[in-house]
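Protein chains in written order, with numbering that gives the first Met the number 0: chain H, 0 to 340; chain F, 0 to 429.
The next block holds one structure in the form of structure tokens; read it before the comments.
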Amino acid sequence: MGSGLRGYLFCTLKITIHLQSIHIVLSLNYYIWTLPKRDFKDSFKVDLINYIPSMKENKDQEWLFEIKPKDDFFRLHLKEVWQYRDLLMLLVKRDVVTLYKQTVLGPLWYLIQPLFTSVIFTIIFNNIAGIDTGKVPPFLFNLASITVWNYFSSCLTSTSDTFKANASLFGKVYFPRIIMPLSVVISNLIKFGLQLLIFIAFYIYYLIIGRDIAPDNLVILFPILVLVMGLLGLGLGMIVSSMVTKYRDLTFLIGFGIQLLMYLSAVNYPLDLIRQKMPNYSWIIDYNPMAYTIELSRYMLLNTGTFSIGSFVYTIVFAVVVFFIGLLIFNKTEKSFIDTV
Amino acid sequence: MLVLKLFTLSKTILKVENISKQYRLGQVGTGTISHDLNRWWHKIRGKEDPFLKIGESNDRSTKGNSDYVWALRNINFEVNQGEVIGIIGKNGAGKSTLLKILSKVTSPTTGTIKYNGRIASLLEVGTGFHPELTGRENIYLNGAILGMTKKEISSKFHEIIEFSGCQRYVDTPVKRYSSGMTVRLAFAVAAFLEPEILIIDEVLAVGDAEFQKKALGKMQDISKGEGRTVLFVSHNMAAVKSLCTRGIVIENGVVVLDAKIEEAIAYYLSGGGNIINSKKFDLSYQTESYRLNSISVKNSNKDLLDPITESEVIELLTDIDIKDREFHRYIITYHLYNEMGEEMFSFSNAKDGVHLRGGNNKIVCFFPRDFFQSGQYFLSLFIVKDKRDAIFVEKDILSFTVVDGGREMGTYMGREPGYIKPTFNWENQL
Numbered sequence: 000m001g002s003g004l005r006g007y008l009f010c011t012l013k014i015t016i017h018l019q020s021i022h023i024v025l026s027l028n029y030y031i032w033t034l035p036k037r038d039f040k041d042s043f044k045v046d047l048i049n050y051i052p053s054m055k056e057n058k059d060q061e062w063l064f065e066i067k068p069k070d071d072f073f074r075l076h077l078k079e080v081w082q083y084r085d086l087l088m089l090l091v092k093r094d095v096v097t098l099y100k101q102t103v104l105g106p107l108w109y110l111i112q113p114l115f116t117s118v119i120f121t122i123i124f125n126n127i128a129g130i131d132t133g134k135v136p137p138f139l140f141n142l143a144s145i146t147v148w149n150y151f152s153s154c155l156t157s158t159s160d161t162f163k164a165n166a167s168l169f170g171k172v173y174f175p176r177i178i179m180p181l182s183v184v185i186s187n188l189i190k191f192g193l194q195l196l197i198f199i200a201f202y203i204y205y206l207i208i209g210r211d212i213a214p215d216n217l218v219i220l221f222p223i224l225v226l227v228m229g230l231l232g233l234g235l236g237m238i239v240s241s242m243v244t245k246y247r248d249l250t251f252l253i254g255f256g257i258q259l260l261m262y263l264s265a266v267n268y269p270l271d272l273i274r275q276k277m278p279n280y281s282w283i284i285d286y287n288p289m290a291y292t293i294e295l296s297r298y299m300l301l302n303t304g305t306f307s308i309g310s311f312v313y314t315i316v317f318a319v320v321v322f323f324i325g326l327l328i329f330n331k332t333e334k335s336f337i338d339t340v
Numbered sequence: 000m001l002v003l004k005l006f007t008l009s010k011t012i013l014k015v016e017n018i019s020k021q022y023r024l025g026q027v028g029t030g031t032i033s034h035d036l037n038r039w040w041h042k043i044r045g046k047e048d049p050f051l052k053i054g055e056s057n058d059r060s061t062k063g064n065s066d067y068v069w070a071l072r073n074i075n076f077e078v079n080q081g082e083v084i085g086i087i088g089k090n091g092a093g094k095s096t097l098l099k100i101l102s103k104v105t106s107p108t109t110g111t112i113k114y115n116g117r118i119a120s121l122l123e124v125g126t127g128f129h130p131e132l133t134g135r136e137n138i139y140l141n142g143a144i145l146g147m148t149k150k151e152i153s154s155k156f157h158e159i160i161e162f163s164g165c166q167r168y169v170d171t172p173v174k175r176y177s178s179g180m181t182v183r184l185a186f187a188v189a190a191f192l193e194p195e196i197l198i199i200d201e202v203l204a205v206g207d208a209e210f211q212k213k214a215l216g217k218m219q220d221i222s223k224g225e226g227r228t229v230l231f232v233s234h235n236m237a238a239v240k241s242l243c244t245r246g247i248v249i250e251n252g253v254v255v256l257d258a259k260i261e262e263a264i265a266y267y268l269s270g271g272g273n274i275i276n277s278k279k280f281d282l283s284y285q286t287e288s289y290r291l292n293s294i295s296v297k298n299s300n301k302d303l304l305d306p307i308t309e310s311e312v313i314e315l316l317t318d319i320d321i322k323d324r325e326f327h328r329y330i331i332t333y334h335l336y337n338e339m340g341e342e343m344f345s346f347s348n349a350k351d352g353v354h355l356r357g358g359n360n361k362i363v364c365f366f367p368r369d370f371f372q373s374g375q376y377f378l379s380l381f382i383v384k385d386k387r388d389a390i391f392v393e394k395d396i397l398s399f400t401v402v403d404g405g406r407e408m409g410t411y412m413g414r415e416p417g418y419i420k421p422t423f424n425w426e427n428q429l
């Protein structure tokens with residue numbers, strides 16, 4: 000209110016000096032009261048200059064670009080990201096091509112890792128601990144969960160390291176920093192696609208040997224679920240990476256936190272099991288969007304577990320909100336993280 | 000009047016207004032949260048950041064009172080289209096910080112920069128090179144990192160390869176390249192960038208003589224032939240002089256001179272007005288046996304204020320009174336150190352057959368021309384009695400800087416290897 004009044008006084012002062020028509024006074028008045036409060040002063044000055052012709056000769060040259068200490072909080076420079084799309088694709092290519100260079104098995108490592116983990120999980124959780132997976136073969140149950148979980152966790156761990164790992168690159172050249180985590184998510188998507196293929200191969204194998212398994216009709220929603228996981232991993236990763244630039248503690252937290260989160264995300268047991276066995280603590284899982292994602296993808300792919308539209312919507316909303324928070328924080332950090340990293 | 004004004008204004012392509020950058024000294028970490036909270040508390044009450052008021056100019060040799068320093072303070076300048084500007088200053092003067100702000104790697108604490116056109120910065124060659132990728136893949140990746148599109152790179156690909164001279168290795172992983180080849184390839188990519196404003200930091204410090212010549216030639220083409228605007232930072236005064244038209248001297252984060260390049264270089268080389276190559280001593284430099292008056296270093300036929308070049312005879316003058324009646328027992332000895340702190344040699348008047356007399360002495364030591372390598376040197380003085388007891392010792396009593404006497408355009412601009420740079424007699428015995 001106070002600043003609005005000051006603006007008004009300033010404007011009438013100018014009018015008296017330049018003796019402009021009433022029309023201009025009115026339009027200026029209108030302008031003051033509708034201005035967003037945020038960058039009141041700057042836009043006011045510029046507009047005043049435009050409105051009063053005799054002041055135009057004092058107007059500075061038009062500038063296309065500007066570097067300022069702080070940007071508007073909500074300006075995300077998406078156009079700039081689009082201009083750098085070639086860089087995004089080249090970085091994805093780099094990640095995929097160089098990961099297993101000079102290894103004998105090459106991209107097979109993409110497949111070996113989930114397979115072995117599934118075998119171990121099957122032995123420990125299903126054979127020894129005796130968790131029942133219904134009519135679905137335990138190995139397939141675990142393989143589905145692990146493939147999905149791996150996608151999320153690798154998105155999160157590698158994006159959470161963005162600023163620290165690329166400090167030397169970011170310190171030398173500018174490009175929209177978001178390109179880096181985006182490229183990580185996309186190259187993980189390719190890895191996920193390969194792992195999904197091996198899952199399908201085992202699926203077919205179990206069908207051939209006559210096991211009674213079938214995907215649910217909702218499997219058509221599975222791509223949405225994959226997108227949601229990507230957004231969630233990216234969003235959380237961006238939040239963490241922004242904070243890691245100042246507080247390195249989070250690196251350690253992510254390291255073991257993600258392992259703990261795996262046990263809380265119903266990766267190696269059906270969601271219903273925990274509700275039965277520990278009804279008092281199941282709320283932890285009920286609020287965990289990743290638990291729903293895993294459960295939902297098992298429901299879609301293997302037709303096991305439960306599906307509720309509420310949990311689906313909750314997961315999507317949660318992921319989108321986290322993603323946007325992450326984007327804003329990341330955007331704020333990228334301008335000067337190099338001084339603190 | 001108005002037309003004229005608009006005309007001159009439209010030529011300005013970059014405008015730097017009141018740029019300042021504050022850094023926090025010491026360990027970032029302890030106390031960070033409390034300072035952050037303090038900032039935040041001031042911000043929500045609509046007050047100014049309390050930590051922006053404190054902070055001192057960035058003079059690294061003095062101990063400061065505050066944890067915050069200004070690496071840059073109120074930098075203002077304008078650049079016209081097609082100008083090639085050399086930004087010069089000592090290590091830590093703030094040159095690189097300025098370039099970092101201009102290339103958007105970090106943001107200024109206060110102030111704005113306005114510009115028309117793309118800015119591409121070359122703060123390092125080969126940024127983002129991946130050792131496992133081939134030369135071809137790296138050209139694309141590096142080009143994209145520097146802001147080119149895939150199409151632009153493809154259209155210049157052959158020129159890039161040709162300029163780098165690495166045709167044969169183009170499909171070999173870069174990790175198998177020699178370091179020189181990597182640099183060639185990296186510079187080649189950068190050389191074919193086409194931004195309106197190009198920012199270059201010390202890239203000439205790499206590569207062999209032949210390549211440096213090529214790179215410098217290319218940079219001259221870029222700036223003179225193609226009318227590109229270039230901001231160039233280097234400690235290599237020979238390169239700066241041959242490339243730039245205007246110089247901006249930065250000292251402790253403040254622009255101290257913005258003038259023609261010759262003027263700027265002369266100002267910078269003379270130590271920014273503070274002559275360091277001569278020293279007068281006060282009364283504390285005396286005992287009952289001697290009194291040290293002054294020491295100075297300069298070129299024989301030049302003034303004390305002129306920069307010292309290696310292509311002329313350099314003389315070291317020691318002004319000392321010997322009060323002891325047995326004056327023949329005293330000699331003076333110097334130790335010479337280079338800027339790395341390595342001891343180069345010692346020299347003494349007795350060895351060379353000149354003796355101190357009773358009363359005042361103005362004793363001069365001549366270094367032949369073409370003897371010193373360019374660089375900074377430090378002298379330590381010993382006053383020795385009876386060739387045995389050092390009765391006075393002061394380390395780094397004086398420092399002086401020897402600069403390149405200027406080389407012809409287009410010749411090798413780097414620093415030659417070695418500690419000294421003597422000339423010898425050559426003859427062709429054909």
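The C-beta atom is built at its ideal place from N, Cα and C for all residues, glycine as well.
- The beta carbons of leucine 226 of chain H and glycine 325 of chain H sit no closer together than 8 Å.
- At a beta-carbon threshold of 8 Å, the residues of chain H lying near valine 104 of chain F are Phe169, Gly170, Lys171, Val172, Tyr173, Ile337, ordered along the chain.
- Each residue's CA atom was taken as its position, placing glutamate 325 of chain F and glycine 374 of chain F some 39 Å apart.
- Within the same chain, Gly127, Phe128, His129, Leu132 come within 8 Å of leucine 140 of chain F by CB-CB distance, once the 5 residues on both sides are set aside.
- Shown in chain order are the members of the region 76-93 of chain H whose Cβ falls below 7 Å from a Cβ of chain F: Asp85, Leu86, Leu89, Arg93.
- Rounded to whole angstroms, the separation of the alpha carbons of lysine 394 of chain F and leucine 335 of chain F is 10 Å.
- Contact of alanine 214 of chain F with chain H is not assigned, every C-beta pair being separated by 8 Å or more.
- Look at serine 153 of chain F: its C-beta is not under 8 Å from any C-beta on chain H.
- CA-to-CA, the gap between proline 137 of chain H and aspartate 131 of chain H works out to about 8 Å.
- When Cβ-Cβ separations below 8 Å define contact, leucine 122 of chain F makes contact with chain H.
- For the pair of segments examined, the region 161-175 of chain H was found not to touch the region 138-147 of chain H: the number of CB pairs separated by less than 8 Å stays below three.
- Per DSSP, aspartate 271 of chain H is one residue of the alpha helix (DSSP H) stretching across 270-276.
- Rounded to the nearest angstrom, the Cβ distance from isoleucine 249 of chain F to alanine 92 of chain F is 5 Å, consistent with a contact under 8 Å.
- The beta-carbon separation of alanine 238 of chain F and leucine 215 of chain F, rounded to 6 Å, stays under the 8 Å limit for a contact.
- Annotation: isoleucine 144 of chain F to leucine 86 of chain H spans about 6 Å, alpha carbon to alpha carbon.
- For the 8 Å CB-CB criterion, phenylalanine 124 of chain H and asparagine 287 of chain H do not form a contact.
- Taken through DSSP and simplified to helix, strand or coil, cysteine 364 of chain F comes out as strand.
- At a beta-carbon threshold of 9 Å, the residues of chain H lying near glycine 116 of chain F are Leu63, Phe64, ordered along the chain.
- Between the beta-carbon of valine 383 of chain F and that of isoleucine 330 of chain F there is about 5 Å, and that keeps the pair under the 8 Å contact cut.
- Between the C-alpha atoms of isoleucine 219 of chain H and arginine 84 of chain H there is a straight-line separation of about 29 Å.
- In this structure, F:Glu314 is the residue among F:Thr400, F:Glu314, F:Glu309 with its C-alpha nearest to the C-alpha of isoleucine 294 of chain F.
- Three or more beta-carbon pairs drawn from the region 9-25 of chain F and the region 76-88 of chain F are found closer than 8 Å, and the two stretches are therefore classed as touching.
- For isoleucine 138 of chain F, the enclosing alpha helix (DSSP H) starts and ends at 134-144.
- Annotation for glutamine 112 of chain H: Asn149 place their beta carbon closer than 8 Å to its own, counting only its chain and skipping 5 residues before and after.
- Where threonine 250 of chain H is concerned, there is no enclosing beta strand (DSSP E), although the alpha helix (DSSP H) around it starts and stops at 248-263.
- Judged by DSSP secondary structure, alanine 185 of chain F falls within the alpha helix (DSSP H) whose first and last residues are 178-190.
- In this model, isoleucine 119 of chain H and alanine 265 of chain H are separated by some 16 Å (Cα to Cα).
- Here the C-alpha atom of isoleucine 127 of chain H lies approximately 14 Å from the C-alpha atom of serine 117 of chain H.
- Looking from the CA of asparagine 348 of chain F, the closest CA among F:Ile362, F:Arg387, F:Ser102 belongs to F:Ile362.
- Annotation for leucine 397 of chain F: no alpha helix (DSSP H) segment contains it, though the beta strand (DSSP E) segment containing it runs 388-402.
- Around the beta carbon of aspartate 170 of chain F, a 10 Å sphere encloses fewer than 16 other beta carbons of the protein chains shown; the residue is thus reported as exposed.
- In the assembly as shown, phenylalanine 191 of chain H is a buried residue. Its beta-carbon has 16 or more other beta-carbons within 10 Å.
- Contact between the region 209-216 of chain H and the region 298-308 of chain H is established, with three or more Cβ pairs separated by less than 8 Å.
- The beta carbon of glutamate 309 of chain F sits closer than 8 Å to the beta carbons of Arg368, Asp369, Phe370, Phe371, Gln372, Ser373, Val401, Val402, Asp403, Gly404, Lys420 from its chain, once the five residues preceding and following it are set aside; these are given in chain order.
- Residue contact check for lysine 100 of chain H against chain F: a CB pair falls below 8 Å.
- A Cβ-Cβ separation of about 11 Å leaves phenylalanine 198 of chain H out of contact with serine 296 of chain H under the 8 Å criterion.
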